[in-house]
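Q: Before I ask anything, here is the structure I am working with.
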Amino acid sequence: MTTALLVIDMQQALCAGDEAAFGIEAVTDRINGLGRAARAAGAPVVLVQHQEDDGPLQAGTDGWQLAQGLHTAAADLRLRKTACDSFHETELHALLQERGVRHLVVCGLQSDFCVDATVRRALSLGYDVTLAADAHSTVDNGVLTAAQITAHHNRTLASMRSYGRRVEAVPAHQVRFATAGDLPRHGEIG
Numbered sequence: 001m002t003t004a005l006l007v008i009d010m011q012q013a014l015c016a017g018d019e020a021a022f023g024i025e026a027v028t029d030r031i032n033g034l035g036r037a038a039r040a041a042g043a044p045v046v047l048v049q050h051q052e053d054d055g056p057l058q059a060g061t062d063g064w065q066l067a068q069g070l071h072t073a074a075a076d077l078r079l080r081k082t083a084c085d086s087f088h089e090t091e092l093h094a095l096l097q098e099r100g101v102r103h104l105v106v107c108g109l110q111s112d113f114c115v116d117a118t119v120r121r122a123l124s125l126g127y128d129v130t131l132a133a134d135a136h137s138t139v140d141n142g143v144l145t146a147a148q149i150t151a152h153h154n155r156t157l158a159s160m161r162s163y164g165r166r167v168e169a170v171p172a173h174q175v176r177f178a179t180a181g182d183l184p185r186h187g188e189i190g
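When we follow this note's numbering, the leftmost residue of the sequence shown carries the number 1, and every step to the right adds one.
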């Protein structure tokens, strides 16, 4: 099975300042570790950037840029989106299909918006999903803390069965990408 790492909306406006997601430094470190592991295994890494017509996520602004602490590589695929769902009116599904991807490791921002919408759409399109449970985050929403929101989404998404696919929510350090040509061993994804 071919796996891709999907890094959602790790952008400067969401990672620094007043709107920085909860625990963003640790989340960024975990995402960087996932990126290293994916690249070492030859798995595609897709960097998704949300784009709006105005405001801090307007294309080309400082806030729209990828977060300063996020490690990237020249071979990483880049994708712009304008909705919470990373597949909505983008070429993401086609990019993944061209590469034979059937499994996604998902991380990034924000748990209750773009991570949630993208995971649900991935399931509906037939992808298996591993949600890096400690490598996605959000901000407090006035009802729940960011930590509660993230924990809720880990539990909710991992318990969904209606799509015929299942989300596995595991800590980032437990995600193992099988190297190209290897048969996946227990705990690895290929």
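No residue lacks a Cβ here, since even glycine has one placed at the ideal position from N, Cα and C.
Within this structure, are the beta carbons of T145 and D112 separated by less than 8 Å?
A: Indexing the sequence shown from 1 puts residue 145 at position 145. Indexing the sequence shown from 1 puts residue 112 at position 112. No; because the gap between Cβ atoms is not below 8 Å, this pair is not in contact.
Q: Could you spell out the range, first to last residue, of the beta strand (DSSP E) harbouring T3?
A: Taking the sequence shown and counting its residues from 1, the one referred to as residue 3 is at position 3. 2-8 is the span of the beta strand (DSSP E), which, as asked, contains T3.
Q: Quick check: the Cα distance between V143 and T156, rounded to an integer number of angstroms?
A: Residue numbering aside, residue 143 sits at position 143 when the sequence shown is read from its first letter. Residue numbering aside, residue 156 sits at position 156 when the sequence shown is read from its first letter. Approximately 17 Å between the Cα atoms of the pair.
Q: For G60 and I31, what's the separation of their Cα atoms in angstroms?
A: By 1-based counting over the sequence shown, the position of residue 60 is 60. By 1-based counting over the sequence shown, the position of residue 31 is 31. Computed Cα separation, rounded: 23 Å.
Q: Skipping 5 residues on each side, what residues in its chain have a beta carbon closer than 8 Å to that of A4?
A: On the sequence shown, residue 4 is found 4 positions in, with the first residue counted as 1. Contacts found: A38, A43, P44, V45, V46, L96, R99, V101, H103, L104, V105.
Q: So who's on the other strand from A169, going by DSSP bridges?
A: The residue labelled residue 169 in the question sits at position 169 within the sequence shown. DSSP lists L131 as partners of A169.
Q: Considering only residues of the region 16-63, which uninterrupted beta strand (DSSP E) runs meet the minimum length of 3 residues and lie entirely inside it, listed in chain order?
A: 45-50
Q: Just the C-alpha distance for D54 and I8, rounded to the nearest angstrom, thanks.
A: Stepping through the sequence shown from its first residue, residue 54 is reached at position 54. Stepping through the sequence shown from its first residue, residue 8 is reached at position 8. So the two alpha carbons sit approximately 20 Å from each other.
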